[in-house]
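All remarks here apply to the structure that follows.
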Amino acid sequence: MPQSILIVGASRGLGLGLVAEHLKRGFDVIATVRKPADAAPLKALSGAERLTVLQADVTSDADIARLAADLPNPLDIVFINAGVSGPKSVTEATADELNAVMQTNVFGPIRLAHALAGHVREQTGILALMSSAMGSIGENQNGAMAVYRATKTAQNSFARSLWLTAAKDRGVTVLSVHPGWVKTDMGGSGADIDVETSVTGMADQLAAHAGAKVHKFVDYSGREIAW
Ligand SMILES: NC(=O)c1ccc[n+]([C@@H]2O[C@H](COP(=O)([O-])OP(=O)(O)OC[C@H]3O[C@@H](n4cnc5c(N)ncnc54)[C@H](OP(=O)(O)O)[C@@H]3O)[C@@H](O)[C@H]2O)c1
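In our numbering, the protein residues as written are 16 to 242.
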């Protein structure tokens, strides 16, 4: 029986790439988009007969509840990828801009992760959240993009609590994943690696951690990142 994966935030960039890579590996894939009109690149992928597309905005409680109700049980992997870069400066941003990036990068993904934790297969399942090395306090050398950094740091902290309270007892692994600096709309054309290199590495890491029963901060190449 094929393995199953849910990828949340899959209209473009790394989410779309993760869907393509797991279809290539023979998975049954469920992908979510915010706007159904943006599903065309997903439906054009090779292997799309094994793909189901659903709608979800991670900041919507109604979408989270509907997604949790509609999903099959159990899933081998849940990967919450959605994220935005947000405002550059904490002092120049408005309170609404700061609240919006926290909702999209922190509260939305974590509330969704809690809603879906019970769907992840016991003992071997993985609940992955797209973090960033920028969320590492230990590796912060220049203070740039302080707001974005703080959202991923907070997400990592919530991910540890999620693992301890909603995953560990069922043997579910939680991964906070850094994809590398990747050429996407967010990463820009000057980034280090292309989407294919990142998603191939991340898919290898997901496979390697099945049954690990830990919470780890790891990048696409398997490097463990300092909290
Ligand atoms: N690229 C990099 O170098 C890099 C490095 C470290 C971490 N990351 C992380 O990797 C993830 C993907 O980044 P990317 O480079 O692929 O960025 P991207 O090309 O800008 O794609 C972002 C994705 O997130 C979705 N999204 C945004 N807000 C959402 C919401 N409220 N609900 C559901 N989906 C939402 C977008 O959907 P729409 O199309 O509807 O906007 C899109 O599919 C993010 O979490 C990012 O922080 C990226």
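No residue lacks a Cβ here, since even glycine has one placed at the ideal position from N, Cα and C.
Keep in mind the model is a prediction, meaning the values are calculated, not measured.
Asked, Found
"Lys58 beta carbon less than 9 Å from that of Ser26", "no"
"Residues that Ala143 bridges to, as DSSP identifies them", "Phe94 and Leu190"
"Cβ separation of Val68 and Ala54, assumed to be a contact under 8 Å, to the nearest whole Å", "5 Å"
"6 Å Cβ shell around Ala174 - same chain, five flanking residues per side excluded", "Leu144, Val189 and Ser191"
"Residue(s) in a DSSP beta bridge with Glu112", "Answer is none; Glu112 lacks a bridge partner."
"Through-space distance from His129 to Ala181, alpha-carbon basis", "7 Å"
"Bridge partner(s) assigned by DSSP for Val73", "Partner(s): none; Val73 has no beta bridge."
"Within 9 Å, strictly: CB atoms of Val73 and Ala97", "yes"
"Inter-residue Cα distance where the pair is Pro102 and Ser151", "19 Å"
"For Thr119, the residue or residues it bridges with in DSSP", "In DSSP, Thr119 forms no bridge with anything."
"Element boundaries [alpha helix (DSSP H), containing Asp8]", "No answer is possible for residue 8: it lies beyond the span of the chain, which begins at 16 and ends at 242."
"Residue range of the unbroken beta strand (DSSP E) whose run includes His37", "Looking at the DSSP string, His37 is not in any beta strand (DSSP E); the run it does join, the alpha helix (DSSP H), is Gly28 to Lys39."
"Where Ile125 falls: helix, strand or coil (DSSP)", "helix"
"Inter-residue Cα distance where the pair is Phe94 and Leu60", "19 Å"
"DSSP beta-bridge partners of Phe173", "Paired residue(s): none; Phe173 is not in a bridge."
"Assigned secondary structure, Thr168 (DSSP; H/G/I helix, E/B strand, else coil)", "helix"
"Three or more C-beta pairs below 8 Å linking the stretch 164–174 and the stretch 120–128", "yes"
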